[in-house]
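Position one of the sequence shown corresponds to residue 2 (the numbering used here), numbered consecutively onward.
Note that beta-carbon positions come from the ideal geometry of N, C-alpha and C, so glycine has one too.
These numbers were taken from a predicted model, which means no experiment stands behind them.
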Amino acid sequence: MTLRALASQFFFDDSIRNIQTGKCMGLHTVWVGNSQRADGVDYALESIHNIREALPELWEVEDKPEDIRYAGNVAVETTVKA
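Structure, rendered in structure tokens:
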């Protein structure tokens, strides 16, 4: 997974209520400002400055391109001159 794709799935907030809502929406959640995990919290950070230690995978870079998969049939429009 690329950095952009991975980062777009994380939800950072300092409100446990918002974090739990983000979790219900299927996001990976990071509770900032508290080091204690609670229901709906994937990661808890005392400070946003601890992000690199807590989530090192955000800084990993993959060299291979991301596979794009389509569900079902994909229509392609084209023009043919005869």
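query                                                                                                       : result
Enclosing beta strand (DSSP E) for A94 [first to last residue]                                              : What is shown of the chain runs 2 to 83, which leaves residue 94 out entirely.
Euclidean distance between Cα positions of E47 and I17                                                      : 13 Å
Inter-residue spacing [alpha-carbon to alpha-carbon] between T30 and N51                                    : 15 Å
Sequence-distant residues of the same chain with beta carbon closer than 8 Å to G23, five excluded per side : F12, D14, T30 and G41
Neighbour-count burial assignment, A39, 16 or more Cβ in a 10 Å radius                                      : exposed
Alpha-carbon to alpha-carbon, A55 and D45                                                                   : The sequence given here has Ala at residue 45, not Asp. Each residue's alpha carbon lies about 8 Å from the other.
Run of the alpha helix (DSSP H) containing A55, from where it starts to where it stops                      : I52 to A55
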